[in-house]
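Numbering (full-length UniProt numbering), first residue to last: 1 to 221. Heads up, the beta-carbon is just placed ideally off N, CA and C, and yes, glycines get one too.
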Amino acid sequence: NSNVENLPPQVLRLVYKEVTALAADPPEGIKIYPSEEDITELHTAIEGPEGTPFAGGVFRMRLVLGKDFPAAPPKGYFLTKIFHPNVGHKGEICVNVLKRDWRAELGLRHVLLTIKCLLIHPNPESALNEEAGRLLLEDYAEYASRARLLTEIHAMGTPGGTSGGPQEPGDGPQPKKHAGDPNKRAAGVGSSSSGGSSSSSGNSNVVAKKKTDKKRALRRL
């Protein structure tokens with residue numbers, strides 16, 4: 001729920017100023033998607049750092065500012081599925097800067113940079129995903145393999161131009177997904193044909209191509 005009505009005007013002005021500055025000059029590897037309707041919920045996209053199992057992926061995340069912000073820290077959630085010790089099954093993020101280490105003067109930029117660093121240096125001591133934390137400590141190769149697989153499925157696009165996994169509608173960081181509705185493109189092929197038989201042929205070609213692309217995508221996994 002929006003907390004715009006619960007925050008004092010001076011806090012809203014500071015948040016708006018900081019979010020505007022972040023959008024104009026975001027941290028490296030992070031994109032900001034501010035909402036004009038609700039400044040208390042900030043959507044972002046974090047590029048998976050090189051040298052980690054998350055490299056090549058784009059991870060959507062949101063920060064939610066509560067009614068006690070900035071006295072209380074924002075809450076962070078990954079919207080893109082990720083296998084990471086400090087990310088719960090519902091996307092909740094466990095990092096000290098969002099808990100006991102929070103100070104009002106740190107600001108949102110510091111929070112985003114800390115979460116990006118968490119992708120490089122996970123903390124198994126405060127694991128929300130116990131399986132990921134255990135594998136990180138006991139079998140790093142298996143941990144990296146699991147993390148990389150989920151990155152490929154959920155955080156990467158496929159050659160066909162659609163996302164590799166389920167994505168939220170209206171998702172900024174996945175522009176290829178919205179390049180066009182394949183069903184509408186198929187209908188377009190049929191409607192541009194002069195006869196019913198050529199319409200059927202056009203549709204069957206599109207269906208065959210989609211099946212081929214799907215098989216290629218599955219082979220990549």
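So what does DSSP say about residue i, is it helix, strand or coil?
i	result
Thr114	helix
Gly29	coil
Val189	In this prediction, Val189 has a pLDDT of 38, which is less than 50 and means its spatial position is unreliable; what the coordinates show is noted afterwards. Correct three-state label for Val189: helix.
Leu63	strand
Gly157	strand
Thr80	coil
Ala127	coil
Lys90	coil
Ile120	helix
Thr40	coil
Rounding to the nearest angstrom, what Cα-Cα distance links residue i and residue j in this structure?
i	j	result
Ser145	Arg134	14 Å
Lys99	Tyr140	27 Å
Arg148	Pro74	28 Å
Pro53	Ile93	18 Å
His43	Glu142	31 Å
Val97	Pro9	25 Å
His110	Glu37	24 Å
Gly88	Ile39	25 Å
Asp25	Ile46	14 Å
Leu112	Leu150	22 Å
Out of the options, which one is the CA nearest neighbour of residue i?
i	options	result
Gly48	Val19, Phe59, Tyr143	Phe59
Glu152	Ala55, Thr40, Gly51	Ala55
Tyr16	Ser126, Val95, Leu65, His110	Leu65
Report back the beta-carbon spacing between residue i and residue j to the nearest angstrom; my notes put them in contact at under 8 Å.
i	j	result
Lys116	Ile30	6 Å
Leu63	Leu108	7 Å
Stretch pair the region 80-87 + the region 121-130: three plus CB contacts closer than 8 Å: Counting Cβ pairs under 8 Å, three or more are found: they touch.
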